[in-house]
């Protein structure tokens, strides 16, 4: 068996095509959505990711608002830019590119954001609304994963889902989305304290690997026909990006999202979705 591809690039392109029409309709009402980014420092990966977001904006007609600070920026200087974007009427939503330099209180920065402009869906208030099943911007990567599965016809309701990792961007919010009544999956969350990871993985209909541990999920851990989504990122000795899923898993799984090229494009697409939805709410 060779796994079918969960094609994040093609699915993201479909989403962006739909968004282009929605943005055009908003502009017809005199509303131009604007996405802001705050980038601190000169990390190449962060620079590349932010540049990709602004290319996406240009593609669908969203205005770009870019704020860049040096790696030496203080807490107060970053907070000042957050307050600026909170007040800027041209900014519909924005993100603070993480991680921030050492010594910066990330949680305080996120808490300062206007929850209505939280394009990443990671503001504490919006995560709390997710817990309460109240409307709010949804975390981009988890929602992108759900969209990718749905668009490829992978059954989520009643599925046994194993999430590997407990980070705030994926691991923490992913179970909250999967256990809503609209999804109704059964979720097991694994992490560094899990005693027998392989035993949990072997039961899974869907695996979301988001630990940042190279090739943690191996072919012998995967149930034949399972859907496997590789979201974790680490680097090998040569500095190349390596996912959490061993390449040979594709010979066992029924569906696989590669890394890179699988979930990453979906994350960026969902970011645009959050901005456009915020603009549509403001336009009435």
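Numbering (my numbering), first residue to last: 1211 to 1494. Beta carbons are placed, not taken as given, at the ideal position from N, Cα and C, and that holds for glycine. Computed from a predicted structure; not experimentally measured.
- In the three-state reduction of the DSSP assignment, residue 1285 falls in the helix class.
- Between residue 1291 and residue 1277, the gap from beta carbon to beta carbon is short of 7 Å.
- Secondary structure at residue 1382: coil, using DSSP grouped into helix, strand and coil.
- Under the three-state reduction of DSSP, residue 1431 is assigned to helix.
- A residue is called buried when at least 16 other Cβ atoms come within 10 angstroms of its Cβ; residue 1480 meets this threshold and is buried.
- One thing to note: residue 1465 has its Cβ within 7 Å of the Cβ of residue 1437.
- In this structure, DSSP gives residue 1271 a state outside helix and strand, which the three-state scheme calls coil.
- When the Cα atoms are used, residue 1354 and residue 1393 turn out to be separated by approximately 14 Å.
- Of the candidates 1272, 1337, 1270 and 1215, the residue whose Cα lies closest to the Cα of residue 1380 is 1337.
- When DSSP states are grouped into helix, strand and coil, residue 1217 belongs to the coil group.
- Proximity to residue 1214 across 1364, 1339 and 1296 peaks at 1364, based on C-alpha coordinates.
- Residue 1452 sits away from residue 1422, with the two beta carbons spaced by 7 Å or more.
- In this structure, the CA atom of residue 1375 is about 6 Å from the CA atom of residue 1400.
- Excluding its 5 nearest sequence neighbours in each direction, residue 1463 has C-beta neighbours in its own chain below 6 Å: 1213, 1432, 1436 and 1438, listed in chain order.
- For residue 1437, the enclosing beta strand (DSSP E) stretches over residues 1437 to 1440.
- By alpha-carbon distance to residue 1252, the top candidate from 1318, 1311 and 1303 is 1311.
- Under a 10 Å Cβ-count criterion, residue 1478 is classified as buried, with 16 or more other Cβ atoms of the shown protein chains found around its own Cβ.
- Within the model, the alpha-carbon separation for residue 1357 versus residue 1403 is close to 29 Å.
- In this structure, residue 1459 keeps its C-beta atom at 7 Å or more from the C-beta atom of residue 1229.
- Comparing alpha carbon positions, the residue from 1329, 1347, 1285 and 1280 closest to residue 1303 is 1329.
- Contact between the segment 1334 to 1348 and the segment 1384 to 1393 is present: 3 or more CB-CB pairs across the two stretches fall below 8 Å.
- Classified as buried, residue 1351 has 16 or more neighbouring CB atoms from the shown chains inside 10 Å of its CB.
- For residue 1307, the CB contacts under 8 Å within the same chain, skipping 5 residues up- and downstream, are 1247, 1248, 1249, 1250, 1256, 1259 and 1260 in chain order.
- Partner residues in the beta bridge of residue 1278, as assigned by DSSP, are 1249.
- For residue 1409, no beta strand (DSSP E) encloses it; the enclosing alpha helix (DSSP H) starts and ends at 1407 to 1413.
- In the DSSP assignment, residue 1366 falls outside any alpha helix (DSSP H), carrying neither H nor E.
- In this structure, residue 1243 sits near residue 1272, with a CB-CB distance shorter than 7 Å.
- Take the alpha-carbon of residue 1282 and the one of residue 1227: they are about 39 Å apart.
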